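What follows is a single structure, written as structure tokens, with notes after it.
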Amino acid sequence: MTKNLHGWARTALAIVAGTALWLGASTAQAQLRLDITQGVRDAVPIAVVPFGGQAEGAATDVAAVVANDLLLSGRFKPLERRDMVTRPTTGAAIRFEDWRLLRSDFIVVGRVEPDAAGLAVTFELFNVQTGQPLLSQRLPSTERGLRATAHRIADLVFERLTGIPGAFSTRIAYVTVDGRPPKQRFRLVVADADGFGPRTITESSEPLMSPAWSPDGQSLAYVSFEGKASAVYVQRLATGERRRVSARLGINGAPAWSPDGRKLALTLSRDANLDVYVLELASQGLTRLTTDGSIDTEPEWSRDGGSVYFTSDRSGSPQVYRIAPTAGQQPQRLTFTNGYNARPRLAPDGLSLALVTLDRGGYRIATFDLKTRNLHVLTDGRQDEAPSFAPNGAAIIYATRSGARGTLAMVSSDGRFQQRLSSDTGDVREPVWSPYPAAPQR
Amino acid sequence: MKWTHALAAAVLALGLAACQKPKQVQPEPATPSTPSESGEAATSGIGTDTGATAGATSEAQRQALAALQARNIVYFDYDSSEIKPEYDAVVSAHAGYLTRFKTARVRLEGHTDERGSREYNIGLGERRAQTVRRALMLQGVGEGQITTVSYGEERPVAEGSDEGAYSQNRRVELVQVQ
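Next up, the structure:
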């Protein structure tokens, strides 16, 4: 494990646009590999100097994790380690002239020290041009919690420099498929947002699909065909305990959590027709939202829980609609551009939707501004789908194809920055980005 | 005793078909395909049970079932759930079997090609399965004899992002489950 990370840390800092970097842990899981396919030309150069107090081959190289996170955001270009002539670990030891020569705009230095309760990680952020200190903090940590602390530092640095909260302490869930039809193995996997530490949540020889994070980040709802028909499950990640919450006759699909975590909007086909329903989890009470004979599916709640967005083909082809989540309401059509718009997902600020649109012959990811009704196509694949916003709204992770295989990719919300997260083996699909962790990480 | 030989041959063909790796199945032209081709596709469906293993059924039923295994897939055009005329015979054959053997059960498995979003495709697959269901019921099959399931794009038989693969995946499989 250490060897692998050492090599990983080294390669992580070989930073050239287009270089492939290894992110995954050395488990048997398919690792996610980062390829920057469209770099931002004005990415901010920053030096993240190796932290003091870190033994050679330490399990977590804090500076490497921080640098990789900043690289992943698309907005920063971390300096390669081999270009660092000096390696200060305190602000006082920094000679800013050195770093101006290396053309870094900012510098992060720090150290890991033993502490009464475990470890303490101190970091300092400076503006290289002016020498001005921008941020410094001492974070309590432990050997096991060091990686989480590194992500927290990346969050703090990112927010201080961009004004946007970092999303580096979050997780992603996705589905992997190995083997070829008809003998395939489906897995639902959770990993850190940087691809580290993939963990199988559930696996099956029957399809798994549509994972959805609960608002508290503690559970995943998903669809499984393990019973030879589709059913919706809710699984608690910490314990592995899971409940089958809907196995009604016909289709059970597309679960979407209400903001209060008490309800799931989902798709049922109780009278041979697909419609959107709201299921109260505690009571199993069911409210039917749509009654049209068309396919109504893929619900998504608004931030205040007062609306549900969904896909319907009642106009003849799939488009995105909005409806109030009580019985007997009329839906309002939202999308009119392009002949196919589906799978709406709300941005964290509630002001736009990410969706799949058919744009000039390719299925692509677009954002739809709920106020201006403007559709902005962000990607250029042929088979892009399953968009999910990062909880800071700055990026969208989605599924795409690379040759014959499904891979994940990320695009910034304004479309300027793109990267691919490809996997060694198998097919990766349906990524969903977790909410922010409920409690601050140690 | 020619019919015994024919039955043995049919059972043998089924057995062989079950052992072979599923090959790509060509979409049915106007004429029905050969038993071995469709037999493979049948066994590649989920939970296919061959009549040959059910102890309670009669010889006649097993024979009739064997004949059905040769043609149990209806293919569809893009974005369509209409049964094209060339597949009327497939539906009729299954309707004939189900009305003749009232304890027989069929599971209609609906599928789509990979384009577009997954849950919407579950809906399209279901729509196709429902079309076949209605066609069967119109020919006298009892409601209780039919179940439907949609796999959307999740269970393709053909890999690839071209029309060849797409056309093989847009299908309903009629799986006799006794």
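Taken in order, these protein sequences are the chains called A and B.
Take the first sequence: its letters are residues 54 to 495, numbered as in my numbering.
Take the second sequence: its letters are residues 1049 to 1226, numbered as in my numbering.
Note that beta-carbon positions come from the ideal geometry of N, C-alpha and C, so glycine has one too.
Given the structure is predicted, the values throughout are model-derived calculations rather than measurements.
- prompt: From the beta carbon of Ser-1198 (chain B), is the nearest beta carbon of chain A less than 8 Å away?
  reply: What you label residue 1198 (chain B) is simply residue 150 of the second sequence in a count that begins at 1. So, interface residue.
- request: Note the first and the last residue of the continuous alpha helix (DSSP H) segment covering Gln-1187 (chain B).
  value: Within the second sequence, residue 1187 (chain B) is the residue found at index 139, counting from 1. Note, Gln-1187 (chain B): premise wrong, no alpha helix (DSSP H); not H, not E.
Cβ-based burial, Gln-33 (chain A) [other Cβ within 10 Å; buried from 16]: Past the boundaries of the shown model lies residue 33 (chain A); chain A is included only from 54 to 495, so the question cannot be answered.
field: Contacts that Gly-1171 (chain B) makes with chain A (C-beta to C-beta distance below 7 Å)
entry: Counting from one through the second sequence, the residue named residue 1171 (chain B) turns up at place 123. Per Cβ cutoff of 7 Å: Leu-327, Ile-348 and Thr-350.
query: Mind checking Ala-207 (chain A): buried by the 16 CB within 10 Å criterion, or exposed?
result: Within the first sequence, numbered from 1, the residue matching residue 207 (chain A) stands at position 154. Buried.
message: If I follow the unbroken alpha helix (DSSP H) through Gly-415 (chain A), where does it start and stop?
response: The residue you call residue 415 (chain A) lines up with position 362 of the first sequence. From DSSP, Gly-415 (chain A) is part of no alpha helix (DSSP H) but of the beta strand (DSSP E) over 415-422.
- prompt: Short check: CB of Val-485 (chain A) to CB of Thr-460 (chain A), under 8 Å?
  reply: Here residue 485 (chain A) refers to the residue found at position 432 of the first sequence. Here residue 460 (chain A) refers to the residue found at position 407 of the first sequence. Taking 8 Å as the Cβ cut-off, Val-485 (chain A) and Thr-460 (chain A) do not qualify as a contacting pair.
message: With a threshold of 8 Å between beta carbons, is Ser-1215 (chain B) in contact with chain A?
response: The sequence position of residue 1215 (chain B) within the second sequence is 167, counting from 1. No - not a single Cβ of chain A is within 8 Å of the one on Ser-1215 (chain B).
Distance CB(Glu-483 (chain A))-CB(Pro-264 (chain A)) smaller than 8 Å: Within the first sequence, numbered from 1, the residue matching residue 483 (chain A) stands at position 430. Within the first sequence, numbered from 1, the residue matching residue 264 (chain A) stands at position 211. In this structure, Pro-264 (chain A) lies closer than 8 Å to Glu-483 (chain A) by Cβ.
message: On the DSSP letters alone, give me the boundaries of the alpha helix (DSSP H) that Asp-1210 (chain B) sits inside.
response: On the second sequence, position 162 is the one that residue 1210 (chain B) refers to. Neither: Asp-1210 (chain B) is in no alpha helix (DSSP H) and is coded neither H nor E.
task: For Thr-320 (chain A), go through chain B and note every residue whose CB falls closer than 8 Å to its CB, in chain order.
output: Walking along the first sequence from the start, residue 320 (chain A) turns up at place 267. Those are Glu-1167, Ile-1170 and Gly-1171, listed as they occur along chain B.
- request: Could you give the DSSP three-state label for Leu-1172 (chain B): helix, strand or coil?
  value: Locating residue 1172 (chain B) in the second sequence gives position 124, where the first residue counts as 1. It is helical.
message: Using 8 Å as the threshold, is the C-beta distance between Val-97 (chain A) and Phe-176 (chain A) below it?
response: Position 44 of the first sequence, counted from the first residue, corresponds to residue 97 (chain A). Position 123 of the first sequence, counted from the first residue, corresponds to residue 176 (chain A). Not a contact, by the Cβ cut-off of 8 Å.
task: Give the DSSP-derived three-state secondary structure of Gly-250 (chain A) in the structure shown.
output: By one-based count along the first sequence, residue 250 (chain A) stands at place 197. Three-state result, Gly-250 (chain A): coil.
- prompt: If you count every other CB in all the chains shown that lies within 10 Å of the CB of Gln-107 (chain A), and 16 or more means buried, which is it?
  reply: Here the question's residue 107 (chain A) lines up with position 54 in the first sequence. Buried, since its Cβ has 16 or more Cβ neighbours within 10 Å.
- request: Let me know if Ser-476 (chain A) comes out buried or exposed under the rule of 16 or more other beta-carbons within 10 Å of its beta-carbon.
  value: Residue mapping note: residue 476 (chain A) aligns to position 423 of the first sequence, counting from 1. It is buried - the Cβ of Ser-476 (chain A) has at least 16 other Cβ atoms within 10 Å.
message: What I want to know is whether the C-beta of Asn-394 (chain A) ends up closer than 7 Å to one or more non-hydrogen atoms of the ligand MN.
response: This structure does not include the ligand MN; it has no bound ligands of any sort.
task: For chain B, find out if any of its Cβ atoms is closer than 8 Å to the Cβ of Ser-475 (chain A); answer yes or no.
output: Working through the first sequence from its first residue, we reach residue 475 (chain A) at position 422. No, Ser-475 (chain A) does not count as interfacial toward chain B.
task: With DSSP collapsed to three states, give me the class of Arg-435 (chain A).
output: Looking up residue 435 (chain A) in the first sequence gives position 382. The answer is coil: DSSP assigns Arg-435 (chain A) none of H, G, I, E or B.
field: chain A within 8 Å of Leu-1222 (chain B), Cβ atoms only
entry: Here the question's residue 1222 (chain B) lines up with position 174 in the second sequence. Cβ-Cβ to chain A under 8 Å: no for Leu-1222 (chain B).
message: Just to confirm the assignment, what range does the beta strand (DSSP E) spanning Ser-370 (chain A) have?
response: Stepping through the first sequence from its first residue, residue 370 (chain A) is reached at position 317. That residue, Ser-370 (chain A), is in no beta strand (DSSP E); it is neither H nor E in DSSP.
task: Tell whether a beta-carbon distance below 8 Å holds between Val-500 (chain A) and Thr-350 (chain A).
output: Beyond the ends of chain A as shown, which are 54 and 495, falls residue 500 (chain A); an answer cannot be given.
query: Count the other CB atoms within 10 Å of the CB of Leu-132 (chain A); is the residue buried (16 or more) or exposed (fewer)?
result: Residue mapping note: residue 132 (chain A) aligns to position 79 of the first sequence, counting from 1. With 16 or more Cβ atoms within 10 Å of its Cβ, Leu-132 (chain A) is classed as buried.
query: Between Ser-1129 (chain B) and chain A, is there a C-beta pair that is closer than 8 Å?
result: On the second sequence, position 81 is the one that residue 1129 (chain B) refers to. No, Ser-1129 (chain B) lies away from the interface with chain A (no Cβ there is under 8 Å from its Cβ).
- prompt: So what does DSSP say about Ile-1131 (chain B), is it helix, strand or coil?
  reply: In the second sequence, the residue the question calls residue 1131 (chain B) occupies position 83. Looking at Ile-1131 (chain B) - three-state DSSP - the assignment turns out to be coil, as it is neither helix nor strand.
field: Residue range of the unbroken alpha helix (DSSP H) whose run includes Phe-211 (chain A)
entry: Taking the first residue of the first sequence as 1, we reach residue 211 (chain A) at position 158. Counting along the chain, the alpha helix (DSSP H) containing Phe-211 (chain A) begins and ends at 199-215.
- prompt: Would you say the segment 1135-1152 of chain B touches the segment 333-344 of chain A, given that touching needs at least three Cβ pairs under 8 Å?
  reply: no
- prompt: Looking at the unbroken beta strand (DSSP E) that takes in Tyr-330 (chain A), where does it start and where does it end?
  reply: Residue 330 (chain A) sits at position 277 when you count from the first residue of the first sequence. Note, Tyr-330 (chain A): beta strand (DSSP E), 328-333.
- prompt: Distance, Cα to Cα, Leu-317 (chain A) vs Val-298 (chain A)?
  reply: By one-based count along the first sequence, residue 317 (chain A) stands at place 264. By one-based count along the first sequence, residue 298 (chain A) stands at place 245. Leu-317 (chain A) and Val-298 (chain A): Cα-Cα distance of roughly 10 Å.
- prompt: Near Gln-185 (chain A), which residues of its chain fall below 8 Å by C-beta distance, leaving aside the five closest residues on each side in sequence?
  reply: As a position in the first sequence, residue 185 (chain A) is number 132, starting the count at 1. These residues qualify, in order along the chain: Phe-179.
query: Can a CB atom of chain B be found closer than 8 Å to the CB of Gly-306 (chain A)?
result: Here residue 306 (chain A) refers to the residue found at position 253 of the first sequence. For Gly-306 (chain A), the answer is yes, since a Cβ of chain B falls inside 8 Å of its Cβ.
- prompt: Shorter than 8 Å from the beta carbon of Ala-170 (chain A) to some beta carbon of chain B?
  reply: For this step, residue 170 (chain A) is matched to residue 117 along the first sequence. It does not; no Cβ of chain B falls within 8 Å.
field: Gln-288 (chain A), enclosing alpha helix (DSSP H) - first and last residue
entry: Here the question's residue 288 (chain A) lines up with position 235 in the first sequence. Gln-288 (chain A) -> not in any alpha helix (DSSP H); beta strand (DSSP E) instead, spanning 284-289.
- request: For Gly-1105 (chain B), name the three-state secondary structure that DSSP assigns.
  value: Position 57 of the second sequence, counted from the start, is the residue given in the question as residue 1105 (chain B). Sequence inspection shows Thr at residue 1105 (chain B); the Gly mentioned does not correspond to that position. Coil.
- prompt: In three-state terms, what does DSSP make of Tyr-489 (chain A)?
  reply: Within the first sequence, residue 489 (chain A) is the residue found at index 436, counting from 1. Coil, per DSSP.
message: For the beta strand (DSSP E) containing Tyr-451 (chain A), name the first residue and the last one.
response: Start at 1 with the first residue of the first sequence, and residue 451 (chain A) comes out as number 398. That run of the beta strand (DSSP E) goes 448-455.
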